[in-house]
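K.L.:
I am attaching a structure below and will ask some questions about it afterwards.
Protein chains in written order, with the numbering used here: chain X, 1 to 429; chain L, 1001 to 1429.
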């Protein structure tokens, strides 16, 4: 093991980059004791050199071009904390690989879309790309999965990995507010990305799930294979009625290997209110890892913010300083299996919310349509009429989504629906 | 990195040893893909060669003496899963170090009592001792702490790390049964160690806390510095009344660095019923890690059993196969600080349960005694008289245990106590 300093080049001085600089500056002795060698910063890069920053970077070399930063002789590791699935982040990453540097990144979009090609290139050059900070912020979940559970065949990975969506959903429930009101609240608090679809559309969380699935199942990253549905259509009524039945609504990512292939979904699901996932409030993240030997491991922590994200970046940096070189996705990228996406989701119980018109036999007609499609009812609740329609909730037994969709398609023909039904998957946790 | 097999010698073929053999036999391809080389078993050792076992070990060499196993030329890593703080486990460990072998162990007692000396010796020989399986079973907590949070100054570590005690406490609450009944139930279910004091006396969990604290705070392992109190004196009344006030009783380990030194306690504490620790039911373990950058990370999983413990052993084995060589306690043993144990616990709110005799002014006298000792009352609840005494619960504001003990010592002098009071610390989580 070398005892010379490990020298960082930090590309990006936003929240996360400043957090990394802060840890390197404050915890130099601690890091040196743990890593067996000092970790230093040689150079930094950002869009605007003159901007006021919470950390002093005047003692480091400055590069306007992050690709030039990555190629510097006095940089051993590129820390890429700019973000973006291409542009400067891609240029800097490719420059680092070409110059034979290791890379530590928080960039989930870049890796979800281009991770296989970049990992192959880095590994061909004898280098690695580490991305603990890209998934679930401060939670060391990539390490837990790729190293801590390395003796397990992973059976399922689940996670609430977008704090903004969980904030919106729990705030709706706790304050009894509609989606639009809480969405605007989150925007004014600065919780939303510039393009809010990344958050509420489930794309950001979908990027993270694609990365987790690759590590869990030894498959090439396949963001296109993630079925994504956002939380935009979740109403306060869904949340209230789900609570009545003992459930909470979460934007939940699920990746599992089934006989029909790898199933990856990021979608609003119902989970039992008294489960660890159901109890998760606000912006906190949670990841559930299931292995054939270990059973279920649950990890919980902050999914965003300067400190937690920088903590994850520094875990990767200290690993490299210690000489720990695990392949990007837990095994060499050249050995990852081609993705074989399951054509449809595994059967599960579902929650169905309907409003039925006030006619004799309305409920019987709906029950008949469900029965015809092979969907059987576990629990049903009808509420008092509100105006001319009565809310009806149904929890089904395990069913395929296809069978449920067949029933839903037949429902308008009964003439008893007051509005289109809402169907949500119930995930067993 | 070598591509030759990493060859194990497994000392101990009980639950955990058989679990390790099972994983190596079933998951050979997966492990080789992840580690970049095969992991094989050369030889095994156990007390009784003829015993019927759930795995076939006939193809491995047999050694009656685990020390001879450790020294074999065809063994690269000693897997010590016999247990015991000395005797054969110590002999095998010392033999492995002398022969220049790495060691993976699940033996918390051995390391809690002799870890500093053994780690020094192993590191002097250029080898390492890994012990993920010794703390919180399948939860990869040593890895999370020593690697995943390596960029953090750790501020506090807490954990429920003895599943048997948590089973007893939650079973008492859920079934409304007294301690003795549930203790016997746990014994008949095989949940208790041969010497049950190791479980219910807090010693087993204390061993684990001593190891966690060493990694968290870069201090030499100091089991003698852990203040240990068991759950034997917890009554169903304590559990019921704590629940009335919104708390649950847990055998909770807490290690924190304060201005007065390192504070390590394993004792029954009250935690908020709606916190992750409060919601932990049955034999599951939970560890809470707090760092200055990451905030709070919560890890939850099975703390015992063949699969989970073998999963943790295999994580260490695969690390070694990958060439990952982190020092036993996260930094070289020679650099660990001498333990400086805090003389007393940091101030905290406390729960006080008393039975007061039916006299006018009884409560006022108790309040006066508390006030004289500088203990102020946050909440108080008096119940209807049961016979000649009335149960009274008090939750204090933050106080030192010394001040509280002063008040408790003065209480008999008031003449209003029907029985000695019970005091439990409330841990803020």
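C-beta atoms are modelled at their ideal positions from N, C-alpha and C, and glycine is treated no differently.
Using a Cβ-Cβ cutoff of less than 7 Å, which residues in the same chain neighbour residue 146 of chain X once the five nearest sequence positions on both sides are dropped?
P.N.:
Taking the first chain and counting its residues from 1, one reaches residue 146 of chain X at position 146. For residue 146 of chain X, where only same-chain residues beyond five positions count, the Cβ hits under 7 Å are 215, 326 and 330.
K.L.:
Check for me: the beta strand (DSSP E) holding residue 161 of chain X runs from which residue to which?
P.N.:
Along the first chain, one-based indexing puts residue 161 of chain X at 161. Unbroken run through residue 161 of chain X: none, as it is neither H nor E.
K.L.:
Considering only residues of the same chain and omitting the five flanking positions on each side of residue 227 of chain X, which have a CB-CB separation below 6 Å?
P.N.:
Residue numbering aside, residue 227 of chain X sits at position 227 when the first chain is read from its first letter. Taken in chain order, the residues that qualify are 265.
K.L.:
What residues from the segment 140 to 172 of chain X come within 7 Å of chain L, judged by C-beta to C-beta, listed N to C?
P.N.:
Within the segment 140 to 172 of chain X, the qualifying residues are 140, 143, 144, 147, 148, 149, 150, 151, 152 and 153.
K.L.:
Give the single residue among L:1233, L:1182 and L:1335 whose Cα lies nearest to the Cα of residue 1219 of chain L.
P.N.:
On the second chain, residue 1219 of chain L is found 219 positions in, with the first residue counted as 1. Closest by alpha carbon: L:1335.
K.L.:
Whole angstroms is fine: what's the gap from residue 286 of chain X's alpha carbon to residue 250 of chain X's?
P.N.:
Position 286 of the first chain holds residue 286 of chain X. Position 250 of the first chain holds residue 250 of chain X. So the two alpha carbons sit approximately 11 Å from each other.
K.L.:
What residues are listed by DSSP as bridge partners for residue 1297 of chain L?
P.N.:
Numbered from its first residue, the second chain carries residue 1297 of chain L at position 297. For residue 1297 of chain L, which the question treats as bridged, DSSP gives the partners L:1289.
K.L.:
Using only CA atoms, which one of L:1125, L:1015 and L:1355 lies nearest to residue 1408 of chain L?
P.N.:
Along the second chain, one-based indexing puts residue 1408 of chain L at 408. Ranking the options by Cα distance to residue 1408 of chain L, first place goes to L:1355.
K.L.:
Since residue 1055 of chain L meets chain X, which of its residues come closer than 8 Å, beta carbon to beta carbon?
P.N.:
For the purposes of this step, residue 1055 of chain L is taken as residue 55 along the second chain, with counting starting at 1. Those do not exist, as residue 1055 of chain L stays about 13 Å from chain X at its closest Cβ, beyond 8 Å.
K.L.:
In whole angstroms, what is the alpha-carbon distance linking residue 1396 of chain L and residue 1375 of chain L?
P.N.:
For this step, residue 1396 of chain L is matched to residue 396 along the second chain. For this step, residue 1375 of chain L is matched to residue 375 along the second chain. Rounded to the nearest angstrom, the two C-alpha atoms are 7 Å apart.
K.L.:
Note down, in chain order, every chain L residue with its Cβ under 9 Å from the Cβ of residue 335 of chain X.
P.N.:
Here residue 335 of chain X corresponds to residue number 335 of the first chain, with the count starting at 1. Under the 9 Å cutoff, chain L gives 1033.
K.L.:
Could you work out which residues of chain X lie near residue 1276 of chain L, taking near to mean beta carbons separated by less than 7 Å?
P.N.:
Taking the first residue of the second chain as position 1, residue 1276 of chain L is located at position 276. Ordered by position in chain X, the residues that pass the 7 Å Cβ test against residue 1276 of chain L are 300.
K.L.:
For residue 308 of chain X, which residues in chain L fall below 8 Å Cβ to Cβ?
P.N.:
Counted from its first residue, the first chain places residue 308 of chain X at position 308. Ordered by position in chain L, the residues that pass the 8 Å Cβ test against residue 308 of chain X are 1293, 1294 and 1295.
K.L.:
Quick one: residues in its chain with C-beta nearer than 8 Å to the C-beta of residue 1202 of chain L, no 5 flanking neighbours on either side, listed in chain order?
P.N.:
Locating residue 1202 of chain L in the second chain gives position 202, counting from the first residue. Closer than 8 Å at Cβ, skipping near neighbours: 1162, 1165, 1228, 1229, 1230, 1231, 1251, 1266 and 1267.
K.L.:
Using DSSP with H/G/I as helix, E/B as strand and the rest coil, what is residue 1261 of chain L?
P.N.:
Along the second chain, one-based indexing puts residue 1261 of chain L at 261. Reduced to three states, the DSSP call for residue 1261 of chain L is strand.
K.L.:
From which residue to which residue does the alpha helix (DSSP H) around residue 117 of chain X run?
P.N.:
Residue 117 of chain X sits at position 117 when you count from the first residue of the first chain. Element bounds for residue 117 of chain X: 108 to 124.
K.L.:
Excluding five sequence neighbours on each side, which residues of the same chain lie with their C-beta closer than 6 Å to the C-beta of residue 1045 of chain L?
P.N.:
Looking up residue 1045 of chain L in the second chain gives position 45. Cβ within range, chain order: 1011, 1063, 1066 and 1069.
K.L.:
Which residues of chain X have a Cβ atom closer than 7 Å to the Cβ of residue 1030 of chain L, listed in chain order?
P.N.:
Locating residue 1030 of chain L in the second chain gives position 30, where the first residue counts as 1. Going along chain X in sequence order, the residues near residue 1030 of chain L (Cβ under 7 Å) are 153.
K.L.:
Which two residues bound the contiguous alpha helix (DSSP H) that contains residue 94 of chain X?
P.N.:
Numbered from its first residue, the first chain carries residue 94 of chain X at position 94. Start and end: 88 to 98.
K.L.:
Of all the alpha helix (DSSP H) runs that stay within the bounds of the segment 1358 to 1416 of chain L, which reach a length of 4 or more residues?
P.N.:
Listed in chain order, the complete alpha helix (DSSP H) runs (minimum 4 residues) inside the segment 1358 to 1416 of chain L are 1362 to 1372 and 1401 to 1410.
K.L.:
For residue 1318 of chain L, which residues in chain X fall below 9 Å Cβ to Cβ?
P.N.:
Translated into the one-based positions of the second chain, residue 1318 of chain L becomes position 318. Those within 9 Å of residue 1318 of chain L in chain X are 147, 150 and 151.
K.L.:
Using beta carbons (cut-off 8 Å, strictly below), is residue 1115 of chain L in contact with chain X?
P.N.:
Start at 1 with the first residue of the second chain, and residue 1115 of chain L comes out as number 115. Answer no: the Cβ-Cβ gap between residue 1115 of chain L and chain X never drops below 8 Å.
K.L.:
Just the chain L side, please: which residues come within less than 7 Å of residue 322 of chain X by C-beta, in chain order?
P.N.:
Here residue 322 of chain X refers to the residue found at position 322 of the first chain. Those within 7 Å of residue 322 of chain X in chain L are 1326.
K.L.:
So, residue 305 of chain X versus residue 190 of chain X, is the Cβ gap smaller than 8 Å?
P.N.:
On the first chain, position 305 is the one that residue 305 of chain X refers to. On the first chain, position 190 is the one that residue 190 of chain X refers to. Not a contact, by the Cβ cut-off of 8 Å.
K.L.:
Quick check on the DSSP output: what are the complete beta strand (DSSP E) runs of length 3 or more inside the segment 1220 to 1270 of chain L, in order along the chain?
P.N.:
Runs of the beta strand (DSSP E) inside the segment 1220 to 1270 of chain L: 1247 to 1258.
K.L.:
Helix, strand or coil: which one does DSSP assign to residue 82 of chain X?
P.N.:
Translated into the one-based positions of the first chain, residue 82 of chain X becomes position 82. The answer is coil: DSSP assigns residue 82 of chain X none of H, G, I, E or B.
K.L.:
Quick check on DSSP: helix, strand or coil for residue 1155 of chain L?
P.N.:
If you number the second chain from 1, residue 1155 of chain L lands on position 155. Reduced to three states, the DSSP call for residue 1155 of chain L is strand.
K.L.:
Whose CA, out of L:1373, L:1271 and L:1349, lies closest to the CA of residue 1410 of chain L?
P.N.:
Start at 1 with the first residue of the second chain, and residue 1410 of chain L comes out as number 410. Ranking the options by Cα distance to residue 1410 of chain L, first place goes to L:1373.
K.L.:
In terms of DSSP beta bridges, what is residue 45 of chain X paired with?
P.N.:
In the first chain, residue 45 of chain X corresponds to position 45, counting from 1. Answer is X:11 and X:63.
K.L.:
Does the beta-carbon of residue 25 of chain X have 16 or more other beta-carbons within 10 angstroms, so that it is buried, or is it exposed?
P.N.:
Here residue 25 of chain X corresponds to residue number 25 of the first chain, with the count starting at 1. Exposed, because fewer than 16 other Cβ atoms sit within 10 Å of the Cβ of residue 25 of chain X.
K.L.:
Along the segment 1201 to 1212 of chain L, what residues have a CB closer than 8 Å to any CB found in chain X?
P.N.:
The residues in question: there are none.
K.L.:
Where residue 1113 of chain L and residue 1210 of chain L are concerned, what is the direct C-alpha to C-alpha distance, given to the nearest angstrom?
P.N.:
Position 113 of the second chain holds residue 1113 of chain L. Position 210 of the second chain holds residue 1210 of chain L. Computed Cα separation, rounded: 9 Å.
K.L.:
Mapping DSSP to helix, strand and coil, what is residue 1021 of chain L?
P.N.:
To locate residue 1021 of chain L, count along the second chain from 1; it is residue 21. Helix, per DSSP.
K.L.:
What does residue 257 of chain X reach in chain L if we use C-beta pairs closer than 9 Å?
P.N.:
By one-based count along the first chain, residue 257 of chain X stands at place 257. What residue 257 of chain X touches in chain L: nothing, since even the nearest Cβ is about 12 Å away.
K.L.:
Specify, as a first and last residue, the run of the beta strand (DSSP E) that residue 1105 of chain L falls within.
P.N.:
Mapped onto the second chain, residue 1105 of chain L falls at position 105. Looking at the DSSP string, the run of the beta strand (DSSP E) that includes residue 1105 of chain L is 1102 to 1105.
K.L.:
For residue 330 of chain X, would you say it is in contact with chain L, using Cβ-to-Cβ distances shorter than 8 Å as the test?
P.N.:
By one-based count along the first chain, residue 330 of chain X stands at place 330. Answer yes: the Cβ-Cβ gap between residue 330 of chain X and chain L drops below 8 Å somewhere.
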